[in-house]
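In full-length UniProt numbering, the protein residues as written are 177 to 396. Step one of this worksheet: look at the structure below.
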Ligand code: CTP
Ligand code: CA
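Printed below as a string of C-alpha cells:
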C-alpha cells in the first residue's frame, strides 16, 4: 500500500459513491446511454473502503466486478439512481457523484418494440433530475464531491458547476481527450475548491486519482 493510503483515515465516515453511466430505455430493445465505464467511481469506492469508510456504491449498468466490503446498489435510469442516493442522503457524511447521469430521457417508454416506418422518427427527450444539484440544495452536514465532464472551456465550466451545485470539491475532466478519461484506466484532472484554489493531477491511473481525491476530502 502506498504512503498516502496509510495517512488517510476515513473510518466511521458514511460515503455514497455513484459510478457509471445511466441507461434510459426507449423500448424493450433500445436505449440511450453514454461512454462512461464506471472505472473512476469504482476506484473511489474501493479506495474509500480501504481507508476505512462505510461505502455504498450506487452504480449504473457497468462491466465491472462487485467490490468486496462495499454495499453495491445497481440502478439503470437516472431516476432510479436519484432515489437510491436520496434515500441514503440524510445519514451520509459524503456523496461523491462520479456517475455520468443522463441529462435527458425519452419522454415515453414504448412497451412494444417500435416498428420502423418510411418517415423519420422524432424522439422527444425530457430533462432528468440533476441529482447533485438537488443534494447541494438539501445539504446539511454532508460534503459533496462533483465531477465535470467537459470538451471545452474546462476550468470555466467546471467552476460554474462547483458554485451552482453547492459542491465542496469538484473534479474537472477533459473528456475530449482520447488518451485519458471515459473508458480509460487513466485520467488527468483539475481539483477545484470552494475558496478558488486549484490543483492539477497530471496524467496518472484512476486509482491514484481516487486516492488523491480522498486525501483532499479527508482534509476538508
Ligand atoms: N449530475 C447529476 N445529475 C444529473 C447530471 C449530472 O448528479 N442529471 C452530476 C454528475 O454526476 C457530475 C456533475 O453533476 O458530478 C456534473 O455533471 P456534468 O454532466 O459534467 O454536468 P451537467 O451539470 O450535467 O451539465 P452539462 O452536461 O450540460 O455540461
Ligand atoms: Ca450532463
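Glycine is no exception: its CB is placed at the ideal position from the N, C-alpha and C atoms. Keep in mind it's a predicted model, so treat the numbers as computed, not measured.
Same chain, Cβ closer than 8 Å to residue i, neighbours up to 5 away in sequence not counted
{"i": "residue 328", "result": "352"}
{"i": "residue 318", "result": "265, 268, 269, 270, 271 and 311"}
{"i": "residue 314", "result": "265"}
{"i": "residue 228", "result": "185, 186, 187, 188 and 189"}
Below-8 Å beta-carbon distance, residue i vs any chain C residue
{"i": "residue 352", "result": "The structure shown contains no chain C, having only a single protein chain."}
Any non-hydrogen atom of ligand 2 closer than 7 Å to residue i Cβ
{"i": "residue 255", "result": "no"}
{"i": "residue 279", "result": "yes"}
Inter-residue Cα distance where the pair is residue i and residue j
{"i": "residue 339", "j": "residue 370", "result": "8 Å"}
{"i": "residue 372", "j": "residue 347", "result": "13 Å"}
{"i": "residue 272", "j": "residue 289", "result": "36 Å"}
{"i": "residue 235", "j": "residue 243", "result": "12 Å"}
{"i": "residue 341", "j": "residue 335", "result": "10 Å"}
Own chain residues within Cβ distance below 7 Å of residue i, not counting five before or after
{"i": "residue 274", "result": "193, 194, 195, 216, 217, 220 and 323"}
{"i": "residue 359", "result": "211 and 213"}
{"i": "residue 277", "result": "198, 254, 257, 304 and 307"}
{"i": "residue 250", "result": "235"}
Residue i beta carbon near ligand 1 (any heavy atom closer than 7 Å)
{"i": "residue 306", "result": "yes"}
{"i": "residue 366", "result": "no"}
{"i": "residue 194", "result": "yes"}
{"i": "residue 226", "result": "no"}
{"i": "residue 386", "result": "no"}
{"i": "residue 337", "result": "yes"}
{"i": "residue 322", "result": "yes"}
{"i": "residue 325", "result": "yes"}
{"i": "residue 275", "result": "yes"}
Residues of its chain near residue i, where Cβ-Cβ distance is below 6 Å and the 5 sequence neighbours each way are ignored
{"i": "residue 247", "result": "232"}
8 Å contact criterion, which residue i and residue j should meet: CB distance rounded
{"i": "residue 224", "j": "residue 262", "result": "Going by Cβ atoms, the distance from residue 224 to residue 262 rounds to 20 Å, so no, they are not a contact pair."}
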